[in-house]
Amino acid sequence: MFVTLPPDPQLAPMVAAYWFIEDIEGAFAGQTIQTSPIPMAVLSVNIGRPNTGEDGSVLPRASLLGLQSRARFWRSCQDTYFVMVMLTIPGLVRLFPHTGPDSTDRILDLGAIAGDALADALSRSVSAAFEPKEIAKLLDHWLIARLASSQAVLELHRISAAHTVLRGNGSVFDAAEAASVNRRQLHRWFVRHTGIGPKELADLERLQNSLRSCQRKRGDADLGFSDQAHKIRSWQRRLGTTPGRYEKTGPSSVADHFKTDASRAEPAFYL
740 MFVTLPPDPQ LAPMVAAYWF IEDIEGAFAG QTIQTSPIPM AVLSVNIGRP NTGEDGSVLP
800 RASLLGLQSR ARFWRSCQDT YFVMVMLTIP GLVRLFPHTG PDSTDRILDL GAIAGDALAD
860 ALSRSVSAAF EPKEIAKLLD HWLIARLASS QAVLELHRIS AAHTVLRGNG SVFDAAEAAS
920 VNRRQLHRWF VRHTGIGPKE LADLERLQNS LRSCQRKRGD ADLGFSDQAH KIRSWQRRLG
980 TTPGRYEKTG PSSVADHFKT DASRAEPAFY L
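Numbering follows our numbering, in which position 48 of the sequence shown is assigned residue number 787; successive positions increment by one, without gaps.
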């Protein structure tokens, strides 16, 4: 099962969607699953048995996956069922500020960020609800409560303005102009809250656009790259393959099974 549900409208700028991934019967059990780095963070809550990471460790019941600089490998198991809260850059900065350096290329136990009591309560309520629509309501409630109990960092709106420019294939200089700060200050803000600088985030945006275009056979897979060599280097560095090889082999069976609607601007997460 692959289901996507929208968040409460109040959360829309911060949460792109709730993704529900279910493989209770274990169709992909034991398989190595590869995911792409995306310009988003992911809050995950396991309802069934958690997957294992690259090092073989069992994932936390609830965790925050920060921005990733490269593809990651996971191993699925029977009774897999989890929900992913797809956090936008403004969502990461608003809901989990100052976590960038700790969460980049890592998976953090939600208890270490939100407190064990709140994380455990969320995990238990989500597991008890089981049905996607009910879980979405619980996630809405938990995230809105987190908003109400915290203040936004002062630089949030400036980071959001800069990110809008970067998503539109704008330069770091233009992003700094939109944020009304110099590039050095903008870099400090991005690293503090996302773990990476605006230049690297722009690269993730380009790569995601390219991968999404290749998977869905629509859009411009070259958009934002200065030339083919630039595009190939980005693919090799972050995905471990080239656009040509990927087009020949095609997406994995997992990517085909859990693919998103091609008409919507959802990330190409599974390779």
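Ideal placement from N, C-alpha and C gives every residue a C-beta, glycine not left out.
- Membership of residue 781 in the beta strand (DSSP E) is indicated by the continuous run 780–785.
- Between residue 977 and residue 946 a beta carbon distance of about 6 Å is seen, short of the 8 Å cut, so the two are scored as contacting.
- The DSSP-derived three-state label of residue 763 is coil.
- Across the structure, residue 787 and residue 917 are spaced so that their CA atoms are roughly 44 Å apart.
- Within the model, the alpha-carbon separation for residue 865 versus residue 779 is close to 22 Å.
- Here the segment 791–803 does not lie against the segment 752–762, with fewer than 3 beta-carbon pairs under 8 Å apart.
- When rounded, the separation of the alpha-carbon atoms in residue 1006 and residue 777 is 7 Å.
- Within the segment 825–853, the runs of alpha helix (DSSP H) at least 4 residues long that lie entirely inside it are, in chain order, 828–834, 839–842 and 849–853.
- For residue 865, the enclosing alpha helix (DSSP H) stretches over residues 855–868.
- Shown here, residue 777 sits in coil according to DSSP, grouped into three states, outside any helix or strand.
- No Cβ-Cβ contact shorter than 8 Å links residue 829 with residue 744.
- Residue 772 is bridged by DSSP to 813.
- Residue pairing for residue 756: DSSP places it in a beta bridge opposite 825.
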